[in-house]
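The structure under discussion appears below in the form of structure tokens.
Protein chains in written order, with my numbering: chain C, 362 to 750; chain S, 33 to 340.
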């Protein structure tokens, strides 16, 4: 038995070798994917149909910052990036880009619940470059690494740290690109965009009807401020008016808001903090926090001060709140990412990039870049903001 | 080399005063005689671009510097000179060498470590020992009474200044020739009388230089103090009495750190450079005086008279 197997060995080896050499052509599982130079591995592997490589739509979209919505009734997937709207239908070779009809080499199909679309048609339809190396069986999509020229952003100082971080990352991977991010406030951002003196504006407020008839907003993050107290403080909820009076120094004792007879020790951030400006804008009608409040230099320090003193009250970005402090409900609404996104929390808002016309080129890519899953996690959430879905 | 350092120092003075000039010009004498720095910074930060330089008042900060540095220099001098005498006169030569080495090590501890210990140990201790909830409620209209206050700053600063005082005083005491001591003993004086009447007067220039350098360090110290001071430049008021010690304070140096987040505004930057200018002048005064004193009374100098 053993001997016979051994005798068959050369034949087996030959068969195996044949199978291996044949494999790349037959199984798309061997095709590796690169997006902007980095290898990526989607949960559903690319497949080959009729000589065309199909890739999972949602996975690629997330990496390029485009948003996918799925309509069950018509089996249609709509992909929206800052500059393009692409619609695919399962089983149909025709698709549309910004309303224009085009034809695919292979129809999109459903594999294990994922919509698979031809890689070249999809990537090129939203402005990316696709290359295939038959030597390494690698399909590469280049989108954020093909930027050059300049881009100028002005506006909201709340959005500035996010935009600056994204600009730094983009400048690091594009040698010919220079991005300038300047503050000035949301008003400046909106006016500059309308006047056309920037490429993108930044705003931390919704546009008025008149403004939105001239420019279009793209939400890239949300921002919410939680009012925090010591976990063992019995006051767990405040009305918006009570909270404002506390930070203005009009209510000074916890017993006046249903707590113990103890002083309210207001903690604040130093002047210049974006979080403090936001609180003063959204809660205090642009008045200043009471002058006796103890100032702190960072999000961490104000949180620690509140975590240590049972009578302290402070504020912090919702993204930074953890179990060492307790976030007070405002008007009965808990401070959370969910309540900010739904709009029910009183101190939450969306942050927008603004464009005068439909964005193209660097401006479109910058918006898309901020909306990628990676940026939402590594920049938006890390800076204490709330990611968009 | 010496020429280069003089040029660099001159350039530092020129640069700091150049940056501070607009604010000093706009504020005039009020800069040193009026208060309200915290609100002025916040107003200047939100002022529209291109608005004229506002006036600032740093009385609270100057008082904070004077009180925190003054009291802590006093405490550190008592502790430090006492320690130097004990170590040099009662511990023997090897014991003295060991203790002085330890003290020098203490002087080398980075100030942020002092600040951290202050925040973790001194601040809660001060709050537990001296402050009650009733006092907090009573004073809340004027200031928040917490462990972050003048007293905590003084405690932390004292321990930071003391090593400088100890090591310079010990050097001066050790340099007093034994022949002087023996003369005292020959006159029938006891050990304490010899220390008081002979050793300390002979060592005086070195001791005073140590105290002045310590005071200089106390004035310029920023990080450690900014961590425990409370961050608000409350102007001490006679009506509060000893409670002034339990009020938050903001010395000039700590103000530069605490308010640096608002430096995006040119006016605030100018105000902080005015703090720096004041500190620069104070620091220069302290170290020049220390130099003059140690020269003037030094060995062979004219002032080192001993009265037995």
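Glycine included, every Cβ here is placed at the ideal spot set by N, Cα and C.
| task | Let me know if residue 431 (chain C) comes out buried or exposed under the rule of 16 or more other beta-carbons within 10 Å of its beta-carbon. | result | With fewer than 16 Cβ atoms within 10 Å of its Cβ, residue 431 (chain C) is classed as exposed.
| field | Extent of the continuous alpha helix (DSSP H) run through residue 96 (chain S) | value | Start and end: 91-122.
| Where does residue 657 (chain C) sit, in a helix, a strand or coil, going by DSSP? | The answer is strand: DSSP assigns residue 657 (chain C) an E or B state.
| query | For chain S, is any of its Cβ atoms less than 8 Å away from the one on residue 424 (chain C)? | reply | Between residue 424 (chain C) and chain S, the shortest Cβ-Cβ separation is not below 8 Å.
| Rounded separation between residue 421 (chain C) and residue 96 (chain S) - CA only | Rounded to whole angstroms, residue 421 (chain C) to residue 96 (chain S) spans 60 Å at the Cα level.
| field | residue 591 (chain C) classed as buried or exposed, judged by whether at least 16 other C-beta atoms fall within 10 angstroms | value | With a threshold of 16 other beta carbon atoms within 10 Å, residue 591 (chain C) meets it and is buried.
| query | Along the region 71-89 of chain S, what residues have a CB closer than 7 Å to any CB found in chain C? | reply | The region 71-89 of chain S vs chain C, Cβ under 7 Å: 71, 73, 74 and 77.
| request: Using alpha carbons as the reference points, say which of C:569, C:571, C:586 and C:525 lies closest to residue 561 (chain C). | output: Considering only alpha carbons, the answer is C:525.
| What separation, rounded to the nearest whole angstrom, lies between the Cα atoms of residue 257 (chain S) and residue 188 (chain S)? | Their backbone Cα atoms lie some 7 Å apart in a straight line.
| field | Residue-chain proximity (residue 626 (chain C), chain S), Cβ-Cβ < 8 Å | value | Yes - at least one Cβ of chain S is within 8 Å of the one on residue 626 (chain C).
| query | Rounded to a whole number of angstroms, what is the C-alpha to C-alpha distance between residue 387 (chain C) and residue 409 (chain C)? | reply | Low confidence applies here, because residue 387 (chain C) scores a pLDDT of 40, under 50, leaving its location unreliable; read the following figure in that light. Straight-line Cα distance between these residues: approximately 8 Å.
| query | Grouping DSSP H, G and I as helix and E and B as strand, with all else coil, what is residue 67 (chain S)? | reply | If DSSP states are grouped into helix, strand and coil, residue 67 (chain S) belongs with coil.
| For the region 638-657 of chain C, which residues have a beta carbon sitting closer than 7 Å to at least one beta carbon of chain S? | The residues in question are 649, 652, 653, 655 and 656.
| field | chain S residues whose Cβ lies nearer than 8 Å to that of residue 631 (chain C) | value | 263, 290, 291, 293 and 294, listed in chain order.
| Which runs of the alpha helix (DSSP H) fall wholly inside the region 479-514 of chain C and span at least 4 residues, in chain order? | Annotation: the region 479-514 of chain C contains the following complete segments of the alpha helix (DSSP H) (minimum length 4 residues), in chain order: 480-486.
| query | Are residue 493 (chain C) and residue 482 (chain C) touching if we call contact CB-CB under 8 Å? | reply | Not in contact: residue 493 (chain C) and residue 482 (chain C) (Cβ atoms no closer than 8 Å).
| task | Assign residue 624 (chain C) to one of two classes, buried (16 or more other C-beta atoms within 10 Å of its C-beta) or exposed (fewer than that). | result | Around the beta carbon of residue 624 (chain C), 16 or more other beta carbons lie within 10 angstroms, which makes this residue buried.
| query | What does a CB cutoff of less than 8 Å around residue 568 (chain C) pick up in its chain, not counting 5 residues either side in sequence? | reply | Correct list, in chain order: 551, 576, 578, 713 and 715.
| said: Applying the 10 Å Cβ sphere with the 16-neighbour rule, what's the burial state of residue 217 (chain S)? | reply: The residue is exposed, with fewer than 16 neighbouring Cβ atoms inside 10 Å.
| task | Check distances from the C-beta atoms of the region 161-173 of chain S to those of chain C and list, in chain order, the residues that come in under 8 Å. | result | Those residues of the region 161-173 of chain S that come within reach of chain C (Cβ to Cβ, closer than 8 Å) are 165, 168, 169, 172 and 173.
| Cα-Cα separation, residue 426 (chain C) to residue 442 (chain C) | Taking the straight line joining both Cα atoms gives about 7 Å.
| task | Give the straight-line distance between the Cα atoms of residue 229 (chain S) and residue 147 (chain S), rounded to the nearest whole angstrom. | result | In this structure, the straight-line span from the alpha carbon of residue 229 (chain S) to that of residue 147 (chain S) is close to 38 Å.
| message | Which residue marks the beginning of the beta strand (DSSP E) containing residue 546 (chain C), and which one marks its end? | response | For residue 546 (chain C), there is no enclosing beta strand (DSSP E), as DSSP marks it with neither H nor E.
| said: Against residue 614 (chain C), what residues of chain S qualify as contacts under a CB-to-CB distance less than 7 Å, listed in chain order? | reply: Neighbours of residue 614 (chain C) on chain S, chain order: 169.
| From the DSSP output, which residues share a beta bridge with residue 615 (chain C)? | Answer by DSSP bridge pairing: none, since residue 615 (chain C) is not bridged.
| message | Please list the terminal residues of the continuous alpha helix (DSSP H) segment that includes residue 641 (chain C). | response | Where residue 641 (chain C) is concerned, the enclosing alpha helix (DSSP H) stretches over 635-643.
| query | Are the beta-carbon atoms of residue 304 (chain S) and residue 292 (chain S) separated by less than 8 Å? | reply | Taking 8 Å as the Cβ cut-off, residue 304 (chain S) and residue 292 (chain S) qualify as a contacting pair.
| request: Quick one: measure Cβ to Cβ for residue 639 (chain C) and residue 584 (chain C), integer angstroms, because I've assumed they're closer than 8 Å. | output: Approximately 7 Å separates the beta-carbon atoms of residue 639 (chain C) and residue 584 (chain C); this is inside 8 Å, confirming the contact.
| said: Cβ closer than 8 Å: which chain S residues qualify as neighbours of residue 634 (chain C)? | reply: Listed along chain S, the residues sitting closer than 8 Å to residue 634 (chain C) by beta-carbon distance are 293.
| said: Across the region 304-314 of chain S and the region 201-221 of chain S, are there enough close Cβ pairs to call them in contact, namely three or more that are closer than 8 Å? | reply: Look at the beta carbons and you see the region 304-314 of chain S not touching the region 201-221 of chain S: under three pairs across the two are nearer than 8 Å.
| Closest Cβ-Cβ distance between residue 604 (chain C) and chain S: below 8 Å? | Contact of residue 604 (chain C) with chain S is not assigned, every C-beta pair being separated by 8 Å or more.
| Distance CB(residue 687 (chain C))-CB(residue 597 (chain C)) smaller than 8 Å | Yes; because the gap between Cβ atoms is below 8 Å, this pair is in contact.
| query | When DSSP builds the beta bridges, which residues end up paired with residue 431 (chain C)? | reply | In the DSSP assignment, residue 431 (chain C) is bridged to C:438.
| field | Contact set between residue 175 (chain S) and chain C, taken where Cβ atoms lie within less than 8 Å | value | Residues of chain C with a Cβ closer than 8 Å to the Cβ of residue 175 (chain S) are, in chain order, 653.
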